[in-house]
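K.L.:
Attaching a single structure in structure tokens format; questions to follow.
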Amino acid sequence: MTTRVRGPVAVGIAGAVLLAAGCSPGGGTADGPAPAEESGPLAEFTTQELDWGACEEGGAEAECAVYEVPMDYEDLDGERIEIAVKRLPAAGNDPIGSLLINPGGPGGSGYDYVDHAAYGVSEDVRERFDVVGFDPRGVGRSSPLTCLDADEIDDFLGVEVNGGDGEAADPAEIVESSQEFVEACEANAPDLMLHMGTADVARDMDVLRALVGDEQLTFLGASYGTHIGAQYADQFPERVRALVLDGAVDPGQEQLDMSVEQATGFETALHAFVADCVTRPDCPLGGPGTSVDEGMAALDDFLEGAASRPLANSADDREVNRARAELGVLAALYTESWWPRVREALTDAMEDGDGTGLVQLGDDLYGRTDTEEYENSTAALIAVNCSDSASPRDVQAYAEAAEEAGEESPTFGPMLAWGALPCAYWPEEAVAEGGELTAAGADPIMVVGTTRDSATPYAWAEALAEQLEPGFLVTRDGDGHTGYRMGDTCVDAVVDAYLIDLAVPEDGMACV
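549 is the number of the first residue of the sequence shown in my numbering; add one for each residue after it.
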């Protein structure tokens, strides 16, 4: 099981959107400006015309289109893939240009994210920008990567990495599951799986920048979206207008190392949840007077029992073992707004043996729909993570990482470390060298970090702001994943002023 780094607004967003020809409402750049670049090796792609039309789903003001990019940027005459894009025209009469957005993942849909612009960005930003989101290559409606079917994904996400009664899980089952996943990708998408890296996503985004007529990019990336933005700035520094990288990923780390560090972030968030829970009368981990350590012990005892005695699930035939129970708890740590939901789910599980609420939380995180199908985000998540940097090829390295991560986070550490194992079998020709990104020569780039971020530890924001030569850090003191539009008026004001007016605060500014 591999855990995503995905912005909280993106969790649970689903639904297929088809493109249709038609006219769009006024208020923005409905007919579209002329493409920004008309020469160079990519001119065939950067001079396409976006045929904006009505969207089958989403608000009436939204417009949809598709554009083509090369699957392999080293072979411009080779196979092409389609990228689906959605635009919400600026609400005001004096738009600055387009704000491209990405909610994270990998595997999150920027296309769907546009539908949530009312709370994903401020009214002031909506007034001044067309909000534009796209599904990255291999995601959602953009030539989706398909590996396992729905039943196989159910099994994949349910593999135990913690045994019951204090025993270690069987590595053989984890290895077999990881190998089967990669083999399914090779069988179903042998070419696309070789071109799923973030560097190519950044190139696709630059084509889109040209097609919407912007000479420079304005971008809001949450969680994994920060990696897309950092890659873009490193490849195209002169084309950066303003980038907000919120809930940062550290591109200088390898995937397995990131999984171990991510365990620390989730453990910190879990302690914050338990500390809040034990002050409430409906907390199944204890009540007023219960210490955080006692609440954590109660949760650990419950999860330990689920490994050997799975819980009932009234929604379908999946047993709620420890792996699925852990996923449910972990899902709720992305945003404080889900804490009441996980309290209720834990109460049902611990008092009545009913794990339905926990498994549904995990389903929402991983895009399992009411029809018992999955979005393709799991396949995209693993493909991107495994493509972006080198990973160890020996199983022992993952076993050692699981032990190390377990010391940092007894609850989630082994799950997060073993979740990187598919990368041990990923085709080597698909793997990028990785390394730090500097964006030398770019205009100032904002990195937002939250002190108790669950999915992207605050240390990653510090690292990215340090790596990027034009980077500057804005700190939100708080819980949950990401900082912008999370109820902190200080952060929101600083981000808005930067996006609209290019106002750059002092590096290291803290909103407390």
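Every residue, glycine too, gets a C-beta built ideally from N, C-alpha and C.
Given the structure is predicted, the values throughout are model-derived calculations rather than measurements.
One question on the structure: do glutamate 923 and glycine 686 come within less than 8 Å of each other, judged by their Cβ atoms?
P.N.:
Residue 923 sits at position 375 when you count from the first residue of the sequence shown. Residue 686 sits at position 138 when you count from the first residue of the sequence shown. No, the Cβ-Cβ distance between glutamate 923 and glycine 686 is not below 8 Å.
K.L.:
Bridge partners for threonine 998 per DSSP, in chain order?
P.N.:
In the sequence shown, residue 998 corresponds to position 450, counting from 1. Answer is Arg1024.
K.L.:
Measuring only the C-alpha atoms, how far is glutamine 908 from glutamine 810?
P.N.:
Locating residue 908 in the sequence shown gives position 360, where the first residue counts as 1. Locating residue 810 in the sequence shown gives position 262, where the first residue counts as 1. If you draw a straight line from the Cα of glutamine 908 to the Cα of glutamine 810, it comes to about 23 Å.
K.L.:
Of all the options Gly1026, Pro654 and Asp1055, which has the alpha carbon lying nearest to the alpha carbon of glycine 769?
P.N.:
Here residue 769 refers to the residue found at position 221 of the sequence shown. Minimum Cα distance to glycine 769 is reached at Pro654.
K.L.:
Please list, in chain order, all residues of the same chain as proline 684 whose beta carbon is under 6 Å from its beta carbon, the five residues on each side excluded.
P.N.:
Within the sequence shown, residue 684 is the residue found at index 136, counting from 1. So the qualifying residues of the chain are Val749.
K.L.:
Output needed for cysteine 1059: all residues of its chain with C-beta closer than 6 Å, excluding positions within five of it in sequence on either side, in chain order.
P.N.:
For this step, residue 1059 is matched to residue 511 along the sequence shown. For cysteine 1059, where only same-chain residues beyond five positions count, the Cβ hits under 6 Å are Arg1024, Asp1036, Cys1038 and Val1039.
K.L.:
Going by DSSP in three states, proline 785 sits in which element: helix, strand or coil?
P.N.:
Taking the sequence shown and counting its residues from 1, one reaches residue 785 at position 237. In the structure shown, proline 785 sits in a helix (DSSP, three-state: H, G or I).
K.L.:
On the DSSP bridge list, what partners appear for leucine 696?
P.N.:
Counting from one through the sequence shown, the residue named residue 696 turns up at place 148. The partner list for leucine 696 (beta bridge, DSSP) is empty, contrary to what the question assumes.
K.L.:
Can you tell me which of the three DSSP states glutamate 616 falls into?
P.N.:
Walking along the sequence shown from the start, residue 616 turns up at place 68. Glutamate 616 carries a strand assignment under DSSP once its states are collapsed to helix, strand and coil.
K.L.:
Can you tell me whether DSSP reads isoleucine 644 as helix, strand or coil?
P.N.:
Residue 644 sits at position 96 when you count from the first residue of the sequence shown. Coil.
K.L.:
Hey, would you say aspartate 762 sits closer than 8 Å to serine 646, going by beta carbons?
P.N.:
Here residue 762 is taken as the residue at index 214 of the sequence shown, counted from 1. Here residue 646 is taken as the residue at index 98 of the sequence shown, counted from 1. Going by C-beta atoms, aspartate 762 is nearer than 8 Å to serine 646.
K.L.:
Please identify the residue among Asp620, Val673 and Glu611 whose C-alpha is closest to the C-alpha of asparagine 641.
P.N.:
Within the sequence shown, the letter at position 93 stands for residue 641. Nearest to asparagine 641 by alpha-carbon distance, out of Asp620, Val673 and Glu611, is Val673.
K.L.:
Glutamate 728: which of Val868, Leu696 and Ala938 sits nearest, CA to CA?
P.N.:
Counted from its first residue, the sequence shown places residue 728 at position 180. Among Val868, Leu696 and Ala938, the Cα nearest to that of glutamate 728 is on Leu696.
K.L.:
Can you confirm whether the region 998-1017 touches the region 952-959 when touching is taken to mean that 3 or more C-beta pairs between the two stretches lie within less than 8 Å?
P.N.:
Output reads no: the region 998-1017 does not touch the region 952-959.
K.L.:
Keeping to the same chain, check which residues put their C-beta closer than 7 Å to that of proline 692; ignore five residues upstream and five downstream.
P.N.:
Translated into positions along the sequence shown, residue 692 becomes position 144. Closer than 7 Å at the Cβ level, and outside the excluded window around proline 692, lie Gly686 and Asn924.
K.L.:
Might you give, ordered along the chain, the residues of its own chain that have their beta carbon closer than 8 Å to the beta carbon of valine 943, omitting 5 neighbours on each side?
P.N.:
As a working mapping, residue 943 is identified with position 395 in the sequence shown. Taken in chain order, the residues that qualify are Pro719, Val723, Leu969 and Ala972.
K.L.:
Count the other C-beta atoms from every protein chain shown that fall within 10 angstroms of the C-beta of glycine 954, then say buried if there are 16 or more, exposed otherwise.
P.N.:
Translated into the one-based positions of the sequence shown, residue 954 becomes position 406. By the neighbour-count rule (16 or more Cβ atoms within 10 Å), glycine 954 is buried.
K.L.:
So who's on the other strand from cysteine 1059, going by DSSP bridges?
P.N.:
Position 511 of the sequence shown, counted from the start, is the residue given in the question as residue 1059. Answer is Arg1024.
K.L.:
Considering only residues of the region 963-1018, which uninterrupted alpha helix (DSSP H) runs meet the minimum length of 4 residues and lie entirely inside it, listed in chain order?
P.N.:
Within the region 963-1018, the complete alpha helix (DSSP H) runs of at least 4 residues are 1006-1015.
K.L.:
Run through the region 722-786 for me and flag every whole alpha helix (DSSP H) of 4 or more residues, listed as ranges in chain order.
P.N.:
746-759 and 773-783
K.L.:
Do you know whose CA, among Ala863, Asp864 and Gly834, lies nearest phenylalanine 850's CA?
P.N.:
As a working mapping, residue 850 is identified with position 302 in the sequence shown. Taking only the C-alpha atoms, the option nearest phenylalanine 850 is Gly834.
K.L.:
Tell me arginine 628's beta-bridge partners as DSSP assigns them.
P.N.:
Taking the sequence shown and counting its residues from 1, the one referred to as residue 628 is at position 80. Answer is Pro618.
K.L.:
Just to confirm before moving on: does the CB-CB distance between threonine 766 and leucine 1047 stay below 8 Å?
P.N.:
Along the sequence shown, read from residue 1 onward, the residue named residue 766 stands at position 218. Along the sequence shown, read from residue 1 onward, the residue named residue 1047 stands at position 499. In this structure, leucine 1047 lies closer than 8 Å to threonine 766 by Cβ.
K.L.:
Start and end of the alpha helix (DSSP H) containing phenylalanine 960?
P.N.:
Taking the sequence shown and counting its residues from 1, one reaches residue 960 at position 412. It is not in any alpha helix (DSSP H) - phenylalanine 960 carries neither H nor E in the DSSP assignment.
K.L.:
So, helix, strand or coil for leucine 859, using DSSP?
P.N.:
One-based indexing of the sequence shown puts residue 859 at position 311. If DSSP states are grouped into helix, strand and coil, leucine 859 belongs with the strands.
K.L.:
When you compare only the Cα positions, how much space is there between leucine 1050 and valine 788?
P.N.:
Locating residue 1050 in the sequence shown gives position 502, where the first residue counts as 1. Locating residue 788 in the sequence shown gives position 240, where the first residue counts as 1. Near 12 Å, if we compare the C-alpha coordinates of valine 788 and leucine 1050.
K.L.:
Just list the alpha helix (DSSP H) runs in the region 647-675, keeping only unbroken ones of 4 residues or longer that don't cross its boundaries, in chain order.
P.N.:
You should have 658-661 and 665-668.
K.L.:
Using the Cα positions of serine 670 and phenylalanine 677, report the straight-line distance between them to the nearest angstrom.
P.N.:
Residue mapping note: residue 670 aligns to position 122 of the sequence shown, counting from 1. Residue mapping note: residue 677 aligns to position 129 of the sequence shown, counting from 1. So the alpha carbons of these two residues sit roughly 11 Å apart.
K.L.:
Assuming contact is defined by CB atoms lying nearer than 8 Å, are aspartate 1061 and alanine 817 in contact in what I supplied?
P.N.:
The structure shown does not extend to residue 1061, since the chain spans only 549 to 1060, so no value can be given for it.
K.L.:
Going by DSSP, name the residue or residues bridged to glutamate 611.
P.N.:
Position 63 of the sequence shown, counted from the first residue, corresponds to residue 611. Answer by DSSP bridge pairing, in chain order: Ala602 and Arg635.
K.L.:
Who are the Cβ neighbours of glycine 1019 in its own chain at under 6 Å, not counting the five residues just before and after it?
P.N.:
On the sequence shown, position 471 is the one that residue 1019 refers to. Once the five neighbours on either side are set aside, the close Cβ partners of glycine 1019 are Ile993, Val995 and Ala1013.
K.L.:
If we call anything under 8 Å between Cβ atoms a contact, is histidine 743 one with threonine 883?
P.N.:
Position 195 of the sequence shown, counted from the first residue, corresponds to residue 743. Position 335 of the sequence shown, counted from the first residue, corresponds to residue 883. Against a cut-off of 8 Å, the Cβ pair of threonine 883 and histidine 743 comes out as no contact.
K.L.:
Looking at the strands, I want to know which residues DSSP matches up with aspartate 678.
P.N.:
Taking the first residue of the sequence shown as 1, we reach residue 678 at position 130. Ser646.
K.L.:
Around the C-beta of threonine 594, are 16 or more other C-beta atoms found within 10 angstroms, so that it is buried, or is it exposed?
P.N.:
Looking up residue 594 in the sequence shown gives position 46. Buried, since its Cβ has 16 or more Cβ neighbours within 10 Å.
K.L.:
From the DSSP output, read off the bridge partner residues of valine 868.
P.N.:
If you number the sequence shown from 1, residue 868 lands on position 320. Valine 868 is bridged to Leu859.
K.L.:
With proline 589 as the anchor, note down where its alpha helix (DSSP H) starts and where it stops.
P.N.:
Position 41 of the sequence shown, counted from the start, is the residue given in the question as residue 589. Where proline 589 is concerned, there is no enclosing alpha helix (DSSP H), given that its DSSP letter is neither H nor E.
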